[in-house]
Each structure stands twice: as C-alpha cells, then as structure tokens.
C-alpha cells in the first residue's frame, strides 16, 4: 500500500469520518432540501447511512443520492478509497487490483469503477475548451510494425488542451475522432469541425491545429506526450482496450492530468463532488461551429 493511501486510511478510518466528509461536500453551506430549498431536516439514523427528512415538505434525501453511489450497498469508506485511487496521478488501478485492495468482489469493483468513469465523462462533456486551444491528432493502438491486419486495430484520436487567463494549468481532452478520419492521414476538415463543435467554446482567443499525426517517437510536444502516456497507461493497466470501450478510460486519464496540481486528498474530493453531481467546474459555454484558418 502506498504512503499516500495510508494517509487516506488514517484520515478517513471509518464510516463516520466518511459520512462527515460527504455531508460537507454535498451541502457546503449546510443542509438544503432539493425539493423546496428549506434549511432544516430531521435525521433518520435507523439505516446504514443517515437519511434526511425536510422539516418543511417532508421530502427524504439520502446522503449518497447522485450519479454514482445512490442505493449502493458498498460501505462509504470503500467508495471514498476507490475515488482516492482513481484520482491519484500515480494510479494504475484496475478492477482486479481494486477488488483485492478494498475486499470486494471483482464484479463490484468493476461496477464501481465504471460508475465513476461515467460521472467523469458526463462532467467533461460540459467543460468546453476556451482561451488558447491546441489540437493535434494521434493514433490509438499505433502499430510500429505494420501489416494490413494490425492496422485494422488503429483508431484516430484528437488530443487537445486549453490554456486560459483564469487558470495556471491547462485542461486536457483526448477524444476518438469521427469515424470518417483515417488514423494515419492528415486530420480532415470534417473530423476537425466535429471535434470543435462538441468540445470547444466560442471563448477562443487563439486556435492552433497541427493536423499531421506523429508516427515516430521524435515529437515531444505536450499533446503527443500526454496522448502517449494515456495509451501506455491503458496498455499496462488494462492490457489494451477496444476503441468501443476506451473513451471512458481516456477521460479518466485526462481527469487525473487535469487535477495533477492538486493534493491527492483534494483530487479525491473533486471526484467526490462530481460523483454527487456538484462538479463546481466552469459553466458550459456556447458551442462553437467554425472552420479555423490553416
């Protein structure tokens, strides 16, 4: 067990400490009824986790209501431990490893990780790149020794990052390109504009697009380095993933990259907010539809 994980175990040693943390992140200013916004509630403690009943409208709210942990029978401590591992910049945790670490079945570990990844993907969908945006194609499952059969495994992805005046850290995305894009070809206008329409806002001050994918290893640009690291992480941790299921894992990798400047505990709390439906991220901007200059 890593030293960081030991520190987590010491800080959140039991369910009560985890309940206090989730309550604080769910209601930073104190309890608010999701139905009538009343600020007082009765606490029902006959269940495994507290249930809160609004004193005004009698609506009952569970502590874990949200996208990820709702109605889960898995202890809160194991959920938070999992989020800590997922949020860690050094994480190489798959379902087999997680099942052993937190003493759950493989099926439960796989389900927990899947729910967390879906929450990350949902959050990332609403974050549009703005400011100075850089875009570059890359090749998922790049085959160094080519053959017609091996190249059938390759898929085109688009790596991008934005740098804004209100953040000292870039925000990364790695997304599979539209199916019309051939992996080893120059990025097409169709695939380029499809990416821009979904992932880039109208708050762009500068747009740099390198349309040529890098086949060799001489490119040390930030986007090439990040994409290569993501592919290596997938290959080492999950022994390769089919493109149909790999997008959520790329989103997970980018989440860690985007929170790398945070402490492990702060990154875990960020992921917990996302899981509760409170991402506290920049609000969605108007989507952009443009054809940038070459």
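Residue numbers (UniProt numbering): 1 to 294.
Ideal placement from N, C-alpha and C gives every residue a C-beta, glycine not left out.
No experiment lies behind these values; they were computed from the predicted model shown.
Using the Cβ count rule (16 or more neighbours within 10 Å means buried), how would you classify residue i?
i: residue 140; result: buried
i: residue 9; result: exposed
i: residue 96; result: exposed
Anyone know if the C-beta pair for residue i and residue j falls short of 8 Å?
i: residue 86; j: residue 93; result: yes
i: residue 226; j: residue 247; result: no
i: residue 133; j: residue 158; result: no
Looking at the structure shown, is residue i part of a helix, part of a strand, or coil, going by DSSP?
i: residue 285; result: Low confidence applies to residue 285: its pLDDT is 42, below 50, so where it sits in the model is not reliable enough to give any reading.
i: residue 68; result: coil
i: residue 148; result: helix
i: residue 18; result: helix
i: residue 136; result: strand
i: residue 200; result: strand
i: residue 195; result: helix
i: residue 318; result: A question about residue 318 goes unanswered here, because the residues of the chain that appear run from 1 up to 294.
i: residue 248; result: helix
i: residue 292; result: Because residue 292 sits at a pLDDT of 35, beneath the cut-off of 50, its placement in the model cannot be relied upon, and the following sentence gives the value as read from the coordinates. DSSP places residue 292 in coil when its eight states are reduced to three.
i: residue 114; result: helix
i: residue 61; result: strand
i: residue 174; result: strand
i: residue 266; result: helix
i: residue 88; result: coil
i: residue 42; result: strand
i: residue 207; result: strand
i: residue 236; result: helix
Enumerate in chain order the residues of its own chain whose CB-to-CB distance from residue i is below 7 Å, with the five nearest sequence positions on each side excluded.
i: residue 155; result: 140, 141, 176, 183 and 243
i: residue 279; result: Note that residue 279 scores 49 on pLDDT, short of 50, meaning its location in the model is unreliable and no value can be drawn from it.
i: residue 178; result: 190, 191 and 194
Once you ignore the five residues that flank residue i on each side, which residues in its own chain have a CB closer than 6 Å to its CB?
i: residue 50; result: 43 and 63
i: residue 18; result: 12, 76, 77 and 80
Quick one: residues in its chain with C-beta nearer than 8 Å to the C-beta of residue i, no 5 flanking neighbours on either side, listed in chain order?
i: residue 114; result: 248
*Determine, using beta-carbon pairs with one atom in the segment 41-59 and one in the segment 227-245, whether at least three such pairs fall under 8 Å.*
no
*So does the segment 151-167 actually touch the segment 125-140, counting three or more Cβ pairs closer than 8 Å?*
yes
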